[in-house]
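J.: Protein chains in written order, with the numbering used here: chain A, 11 to 236; chain B, 11 to 236; chain C, 11 to 236; chain D, 11 to 236; chain E, 11 to 236; chain F, 11 to 236; chain G, 11 to 236; chain H, 11 to 236. Yeah, the Cβ is synthetic: ideal placement off N, Cα and C, and Gly gets one too. None of the values given here were measured: they were computed from a predicted structure.
(1) Skipping 5 residues on each side, what residues in its chain have a beta carbon closer than 6 Å to that of residue 72 of chain E?
(2) Quick one: what's got a C-beta closer than 7 Å to residue 170 of chain E's C-beta in the same chain, skipping five residues either side?
(3) Cβ of residue 202 of chain B less than 8 Å from any chain A Cβ?
(4) Suppose contacts are defined by Cβ-Cβ distances below 8 Å. Is residue 214 of chain A in contact with residue 190 of chain H by that definition?
(5) Applying the criterion that 16 or more other CB atoms from any shown protein chain within 10 Å of the CB defines a buried residue, is residue 98 of chain B buried or exposed?
(6) My assumption, with CB atoms under 8 Å, is that residue 111 of chain H sits in contact with residue 47 of chain A. Please give the rounded CB distance.
(7) In the stretch 85-113 of chain E, which residue ranges form an unbroken beta strand (DSSP E) of at least 3 residues, counting only runs that do not cross its ends?
(8) On the three-state DSSP scale, how would you describe residue 137 of chain B?
(9) Beta-carbon separation of residue 152 of chain B and residue 123 of chain B under 8 Å?
(10) Please list, in chain order, the chain A residues whose beta carbon lies closer than 8 Å to that of residue 199 of chain C.
(11) For residue 50 of chain F, is the beta carbon positioned less than 7 Å from some heavy atom of the ligand HEM?
(12) Check distances from the C-beta atoms of the stretch 15-33 of chain D to those of chain G and list, in chain order, the residues that come in under 8 Å.
(13) Answer with yes or no whether the minimum CB distance from residue 60 of chain A to chain F is below 8 Å.
(14) To the nearest angstrom, how far is it from the Cα of residue 187 of chain C to the Cα of residue 195 of chain G?
(15) Express the C-alpha separation of residue 198 of chain E and residue 87 of chain C in angstroms, rounding to a whole number.
(16) Tell me whether residue 192 of chain C is buried or exposed, calling it buried when 16 or more other Cβ atoms sit within 10 Å of its Cβ.
(17) Once DSSP output is grouped into helix, strand and coil, what is the label at residue 184 of chain E?
(18) Give the range of the alpha helix (DSSP H) segment to which residue 156 of chain E is assigned.
(19) Give me the residue from C:41, C:52 and C:183 with the minimum Cα distance to residue 224 of chain C.
(20) I'd like the span of the beta strand (DSSP E) that includes residue 17 of chain H, first residue to last.
(21) Is it buried or exposed, residue 69 of chain G, if we count other Cβ atoms within 10 angstroms and call 16 or more buried?
(22) Any chance the stretch 53-63 of chain B sits against the stretch 23-37 of chain B, with 3 or more Cβ pairs inside 8 Å?
(23) Assign residue 236 of chain G to one of two classes, buried (16 or more other C-beta atoms within 10 Å of its C-beta) or exposed (fewer than that).
(24) For residue 53 of chain D, which residues in the same chain have their Cβ closer than 7 Å to its Cβ, ignoring the five residues on either side in sequence?
(25) Are the Cβ atoms of residue 117 of chain H and residue 104 of chain H separated by less than 8 Å?
(26) Closer than 7 Å by beta-carbon distance: list the chain E residues that pair up with residue 144 of chain C, in chain order.
(27) For a quick check, are the C-beta atoms of residue 113 of chain D and residue 162 of chain D less than 8 Å apart?
(28) Taking the straight line between their C-alpha atoms, what separation do you get for residue 135 of chain G and residue 26 of chain D?
(29) Tell me, which residues are paired with residue 130 of chain E by DSSP?
(30) Quick one: what does DSSP say residue 38 of chain G is sitting in, helix, strand or coil?
(31) Hey, residue 178 of chain H and residue 227 of chain G: beta-carbon distance below 8 Å or not?
(32) Classify residue 11 of chain C: buried if its beta carbon has 16 or more other beta carbons within 10 angstroms, exposed otherwise.
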């Protein structure tokens, strides 16, 4: 096995080959890292890779400090995403659909990461199933996209409904939004896994990032087929 | 407090006043009781009360033995319900809606208990949300009923959808049907509690009986108002 | 299916048809929404619906800001409820019974929402079952109401006791009050579902709002029967 | 520390000093042991101790085989208890109260073990809180006993109610009886721990044995005081 | 049933008969109550009962304010207990044994409540089983007491060890002390329930108060026997 | 909304439009259905749709009876799948990789369903990460496929490792295989959701069917792009 | 990386290099495998490796069939272990200590696997902490061994006690033995992880095999040091 | 049994014999202790023992205060460890391997405690399995150590992979690092217990201290063998 290039920063080992292997460089998860560490990792990735470099779940202050050190970069406050060298939008379009306004943080992360890695995005929000006309009204729009990310907390029923309406890949993101018996997203996670709609897949709680990366894998396969 | 009449059978204390207090005599839960005990309790209730007498969750053999001892009675195999002196149907009609064929046992129990205590019933089954047209097709029928019992396992999303479609009371019954990540009804129970549709209430897992009795309470209130 | 009217605010899709469909306009859940969003939604609902408009779980500061923008409205600090155009009280009366003083926030929400949507309310508090005479003392009062909301944390036993005393609909609200082994309301939720009193229904943890809306569904059915 | 006498049977180490140390010899838990092992242990305890010898949770066949080998002994089929040399009844009386007929196995074990080790027993069954008059009717009887064992499954509310009615020690036994959301006794166990009645204590699920032994400890203390 | 006296304070219903019925007046759980409510309840109990009045889980500031209003009273900062009219110590002595220094808050509450209601107390702390000599060294002291409260977090093994050493009643208090896999006391609670030592009973997590009240019930029975 | 065709069989409502809407007719989940019901549903789907008809989780006896009634059909005993009119294999190839021999049932279902609906399949089994050379040896084969289904029980680590090796879509199937602390697949389900490999998606426990259907959605999108 | 030798049996990939890499060939977990598969795997390992070959968790019938096909081999019914070519006993001795007779199956597996791979073993059983003298009596024997495997169900307290008595490595095996609140070993697993004795490690529920293999790793390190 | 020396500080009982019995004096767990208590305990241990004295999980301020009182001592901020009289490094070397940068706090504690008690340490971090080349690159280094501590959160797969690569003892530390579905380390804990790599052992969540102490036990055994 040919060794993949690794950059040893002392406090981290950058997997430099990931960009070639998987199409996107390592994405940096911000929480638990110091600003110096984020700066060092971002600089290393920017120097040794050529495509988008992303840091997720960072607040604006951290983003500003890191951008001051590294130079360049854009910060999306809703998505809490810091990004350099976003990819140009390709032909593949993903719909990001959310059930309620409280699901916006995860939906925003999904949208921003998807856009940063070159996917076309369409955002549809607040179409929870208690008022079914709202989701039925956007059925054609959903069907026109190549994939759908469904972001929902509480009971997560929107994933089942959308899964029954479209034929394209559906990635469900359970969110920690909700109250009462939502149990920080566990209820939605279980419900999405027990969905009666066939072929839905699920990512981790609040992981808009994970959903966008799952779509990225699909889009690569489609691009290879074109 | 005036003491309520109690019949002491040695192995059980029959709460004879419940029929007057709540409109239906004590309902006998079959499992864990011997055939002799069921026979004794049923005979006692028939002798000291005047309305319907019900035994739930009994198999046909037990039902036959008990009926041989007590005399009379009808057995509904789908509902596993043994019943004497069913009440005549009143004006109140409840729809019993199920998401899939596997939810039938709980739905059958709800229907049979409801009918035995004098509620009109309409059964609608297999209208899970993965094919939304099925539930939309019965929307008017649902709206014409005085209450709706929604019976669903897996992710239980049908409760949220029905809750948004009708204005009448909706009682959700999570079922242990399902597989994978249904966890014997826990997923549906949690999801129904976290429902985004306001004013839905939930009873215990597989408790078609509990749902029918909840509707009985509502129907009594309505009857009092008429 | 005739499309239901929807008002698109950009960040939210108001289900304007809900008031006609279910008798109460969309109720706004406050947490996770900015003051601007709450203001926009409330203004939209007030303009396009004619009945009560409610925002739940808001603190006084937020309420003051929103009221300053929208004009009018009343704030109930105990219930944390912001309300415009409350409905006149109808004939249907619901008792709101709580087990202890720590259950008051959820009971207050149930009472305030119920009153705002036109239900008569009677509040009875601190009648936990460790001193049984307290609940026995109000038995007649409970029986004179059309429905009972039981609000209890800890082991939630009050729901079973009340369920055995009255014949009317009983909606149980498990609360996160309690300590030791109450587990933020899970113990009460499970206990209420496993209640030996037939026909009790349960709503989500701390959901005084959900209980009031469940009673609203019942009251509508009763009103239709009158 | 003076070594306590131990009898090594190869497959088991009998703690012969326990009878002197705690007033009752080691009690043998039957499940998972072969008939030969039970026989050997019982014979050893009978030979080296002087008071009652008990084997719990054995079926009749096993009991018959063991009694055939060891000689003597009585078998209580309801309690599934095999017993030699029961102690004469002393002055201390415990009430064993159960909520429903399905709780009888655990209640029978509590009663039989208590009787075998010399406690007076009074059995009261089927006084669940859905028909409150039943438990109120036996209040004076409960108050006349020195301690109360409350055996209840489902939501376990009887423990809270009894705890509020009597001043004597109350030991609660959650049972695995129940269905729907009883979760094999977990619901009752949690509910009993979260009880609003002060000073209730709880033993393991279905552990009628544990409750009887807890009362034994109390009775010893009382006897020491007399 | 003769009605028990109740004092209606508007926000609370004082069960004035509890002192006569159970030997100690209602104990006030502080959290979730305003200082005005605590003041009102304490004043009411002091006026209408004659024995000890206790408020648990209050901070010093609250205690000072309440004492300023009501007059008198003592505050124990370790136990967070506010107490008026403590009972004179009787003949019954309880040992309060803790496994580690982190278990002190629950142990202090057990000790202070026990003392306030007239029990003699002996405190033994930091005798966790990892250094078994420590608990063996106090074996005789433990055996000389009438009952033992074992306070332990983490794996709670001290309860099993003490249960095997003494013949008197053992009440185990699982605490939320601990880290790693202690899960806020759940591990200790389950372990204490699964204890191999017969006749141990368990109260709620951190409930030193509950343990003291359980001993109170035992001591009353002993006193009745003397 | 144009109504979708539904065939009402009395005991089931067939969603006949699903084949056109989503590319595969309703798939019948066998458990909980009688042989007569399965026969009726299969006959209905064969008559009103034109593509593959599948029944999952059926034993051979049931399959033989149904095939005797309906005519035709093939039964795959490993996959427990009954199938009529399988689709011809298209250009899209999915690898089905399993961690151990105990994962074969779920892997066999994934493979058989995938093949029946027209996907090319490559099966690679027993490449658990404890012997890493095994999965490294098939890395090129994995990379040559359009998507990968990873089937693993126990700790599910294979999903993370494969997710890091390939750039194509990875669908993880947690299985109930395993012992000790596998908890019927819950451990694997949680671990796959917490995977450090970005863009992995997860389906329900043991749901080889769900994984195959998820790949079907991807393959449709790819086919649309070609 | 030099590829490790793999033997492809069609249904399994044997990691032939594991014996050289880790000192023991792959151990075959029996459940879920057909007798033909076990026979094939055992024959393959015997042909291509030189040391012990083990199959765990097999019943006698399966063992007899496999031995009939493969030739040779010994079956240990207590441990449910099938073994060929056991290693000669080395200098390293492990004590296998169990808390009760019900823990014997896991203890027997630990002992038999340890012996088969060349460890000296000393078995000490039934020394649960409720009779502390029993474990204190074997303290010196425990201290004379190079490592200790503690096998315990219920509350698992023996692990903490042994951990405090010896200085050598302690591997704790939680067992599913126990009842009431043992929850199939979860209680013991959590309790062992929360142990107050420093440096204890834990393996999976009932995994006598895992504990023996953990000691094997330690013994190899010791052997390298000698 | 000869009594082990105990130093009674009033608020704590120091197990002075532990150093002789187990090779390291009692280690002080900081949280929940006052600075005065920590000072008293540390001074007592320093006076009555001769080897290393450690206080874990203390912040710098506390450390400074205690050091000011006691004199001497070193503080490691990453490990939050306060240490006096560290042992000289012996021949035994342990590798501390972490999966990601967020696992550093637990890894730092493992490293610092190991070093303080005389073990040689090698730190390797950020070698998560999503980029497998990183861990393969350090395989030889891992194999050259006498034991390996694997520190990983999220899905904890690194433990299985390392367990398959090395033959020496592997102690897995699940960490609370991670998000989405990591559940504060529970996912990693369960996954490590269900690992397919034989002979891995697990310590409590985030317990770098526990892992270091487990290695200490192994190193003592090795040292005894040399």
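T.: Judging by the given coordinates:
(1) Along the fifth chain, one-based indexing puts residue 72 of chain E at 62. Around residue 72 of chain E: 45.
(2) As a position in the fifth chain, residue 170 of chain E is number 160, starting the count at 1. Closer than 7 Å at the Cβ level, and outside the excluded window around residue 170 of chain E, lie 205, 206 and 207.
(3) The sequence position of residue 202 of chain B within the second chain is 192, counting from 1. Output row for residue 202 of chain B: interface = yes.
(4) Sequence index remark: in the first chain, residue 214 of chain A carries index 204 (1-based). Sequence index remark: in the eighth chain, residue 190 of chain H carries index 180 (1-based). Going by C-beta atoms, residue 214 of chain A is nearer than 8 Å to residue 190 of chain H.
(5) Residue 98 of chain B sits at position 88 when you count from the first residue of the second chain. With fewer than 16 Cβ atoms within 10 Å of its Cβ, residue 98 of chain B is classed as exposed.
(6) Here residue 111 of chain H refers to the residue found at position 101 when the eighth chain is read from its first residue. Here residue 47 of chain A refers to the residue found at position 37 when the first chain is read from its first residue. Correct: roughly 7 Å between the Cβ atoms.
(7) 91-94 and 103-108
(8) Mapped onto the second chain, residue 137 of chain B falls at position 127. Three-state result, residue 137 of chain B: coil.
(9) In the second chain, residue 152 of chain B corresponds to position 142, counting from 1. In the second chain, residue 123 of chain B corresponds to position 113, counting from 1. Cβ atoms of residue 152 of chain B and residue 123 of chain B: not closer than 8 Å.
(10) In the third chain, the residue the question calls residue 199 of chain C occupies position 189. Ordered by position in chain A, the residues that pass the 8 Å Cβ test against residue 199 of chain C are 191.
(11) Absence of the ligand HEM is noted for the structure shown, with no ligands found whatsoever.
(12) Answer in chain order: 16, 21, 22, 23, 25, 27 and 28.
(13) Residue mapping note: residue 60 of chain A aligns to position 50 of the first chain, counting from 1. No, no contact with chain F.
(14) Residue 187 of chain C sits at position 177 when you count from the first residue of the third chain. Residue 195 of chain G sits at position 185 when you count from the first residue of the seventh chain. Answer to the nearest angstrom: the Cα atoms are 31 Å apart.
(15) Sequence index remark: in the third chain, residue 87 of chain C carries index 77 (1-based). Sequence index remark: in the fifth chain, residue 198 of chain E carries index 188 (1-based). Those two C-alpha atoms are separated by around 39 Å.
(16) Residue 192 of chain C sits at position 182 when you count from the first residue of the third chain. So residue 192 of chain C ends up on the buried side.
(17) The residue you call residue 184 of chain E lines up with position 174 of the fifth chain. Reduced to three states, the DSSP call for residue 184 of chain E is strand.
(18) As a position in the fifth chain, residue 156 of chain E is number 146, starting the count at 1. Premise fails: residue 156 of chain E is in no alpha helix (DSSP H) and is neither H nor E.
(19) What you label residue 224 of chain C is simply residue 214 of the third chain in a count that begins at 1. Selected option, being the one with the closest Cα: C:183.
(20) Counting from 1 along the eighth chain, the entry for residue 17 of chain H is found at position 7. Unbroken beta strand (DSSP E) run through residue 17 of chain H: 16-18.
(21) Along the seventh chain, one-based indexing puts residue 69 of chain G at 59. So residue 69 of chain G counts as exposed.
(22) yes
(23) For this step, residue 236 of chain G is matched to residue 226 along the seventh chain. By the 10 Å Cβ count, residue 236 of chain G comes out exposed.
(24) Position 43 of the fourth chain holds residue 53 of chain D. Correct list, in chain order: 80.
(25) Sequence index remark: in the eighth chain, residue 117 of chain H carries index 107 (1-based). Sequence index remark: in the eighth chain, residue 104 of chain H carries index 94 (1-based). In this structure, residue 104 of chain H does not lie closer than 8 Å to residue 117 of chain H by Cβ.
(26) Counted from its first residue, the third chain places residue 144 of chain C at position 134. Simply 16, 23 and 25.
(27) As a first step, residue 113 of chain D must be located in the fourth chain, where it is residue number 103. As a first step, residue 162 of chain D must be located in the fourth chain, where it is residue number 152. In this structure, residue 162 of chain D lies closer than 8 Å to residue 113 of chain D by Cβ.
(28) Residue 135 of chain G sits at position 125 when you count from the first residue of the seventh chain. Residue 26 of chain D sits at position 16 when you count from the first residue of the fourth chain. Rounded to whole angstroms, residue 135 of chain G to residue 26 of chain D spans 16 Å at the Cα level.
(29) On the fifth chain, position 120 is the one that residue 130 of chain E refers to. Answer by DSSP bridge pairing, in chain order: E:103.
(30) The residue you call residue 38 of chain G lines up with position 28 of the seventh chain. Of the three classes helix, strand and coil, the one that applies to residue 38 of chain G here is strand, per DSSP.
(31) For the purposes of this step, residue 178 of chain H is taken as the residue at position 168 of the eighth chain. For the purposes of this step, residue 227 of chain G is taken as the residue at position 217 of the seventh chain. In this structure, residue 227 of chain G lies closer than 8 Å to residue 178 of chain H by Cβ.
(32) Indexing the third chain from 1 puts residue 11 of chain C at position 1. The pLDDT assigned to residue 11 of chain C is 40, lower than 50, so where the model puts this residue is not dependable, and the model offers no usable value.
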